[in-house]
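Visitor: Got a structure here, written out as structure tokens. Questions coming.
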Amino acid sequence: MNWLRFLIKVSFICNICYLAGFIIRMLDNTETWEHIAKHIMVLGGLVAAPLNILVILLAVIFLLARKVRFTDIHPVIFILNVIILLLQLELFL
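Position in the sequence shown counted from 1, then plus 2, gives you our numbering.
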């Protein structure tokens with residue numbers, strides 16, 4: 003299940019971009035960060051939430067089916083992804 007570990011890591015990177023984009027949007031001086039925000043918002047705004055939902059669902063399904071162990075999927079990164087997903091869902095609703 004190396005591909006699941008890879009997807010969890012990619013999802014975490016997208017979630018970091020989401021948080022960075024959220025912080026940049028909250029700042030008043032966005033003109034100085036505009037060149038960075040354009041690149042961050044692609045990963046953070048478009049890819050992060052759908053990829054995060056997909057990866058968490060896949061991981062939970064494989065965990066319940068006992069195809070993988072919890073220690074094999076980077077538990078800390080997985081838990082951080084779940085926390086960030088809750089934040090994303092709260093901001094979308």
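From the three backbone atoms N, C-alpha and C, an ideal C-beta is built for every residue, glycine too.
Nothing here was measured: the structure is a model prediction, and the numbers come from that model.
1. Please report how far the alpha carbon of Glu-92 lies from the alpha carbon of Ala-39, in whole angstroms.
2. From Ile-26 to Leu-88, what does the alpha carbon distance come to, in whole angstroms?
3. To which residues of the same chain is Leu-45 closer than 6 Å at the C-beta, ignoring the five residues directly before and after it?
4. Where does Arg-27 sit, in a helix, a strand or coil, going by DSSP?
5. Please state whether the Cβ-Cβ distance between Leu-9 and Val-70 is less than 9 Å.
6. Might you give, ordered along the chain, the residues of its own chain that have their beta carbon closer than 6 Å to the beta carbon of Ile-86, omitting 5 neighbours on each side?
7. For Ala-61, tell me which candidate among Glu-33, Trp-35, Asn-83, His-37 has the shortest Cα-Cα distance.
8. For Glu-1, does the three-state DSSP call read helix, strand or coil?
Guide: Well, looking at it:
1. So the alpha carbons of these two residues sit roughly 22 Å apart.
2. Approximately 20 Å, taken between the alpha carbons.
3. For Leu-45, where only same-chain residues beyond five positions count, the Cβ hits under 6 Å are Cys-16, Cys-19.
4. In the structure shown, the three-state DSSP call for Arg-27 is helix.
5. No, Cβ-Cβ distance for Leu-9 and Val-70 is not below 9 Å.
6. So the list reads Asn-17, once near-sequence residues are dropped.
7. Out of Glu-33, Trp-35, Asn-83, His-37, Asn-83 has the C-alpha closest to the C-alpha of Ala-61.
8. Within the shown structure, residues of the chain are numbered from 3 to 95, placing residue 1 beyond reach of any answer.
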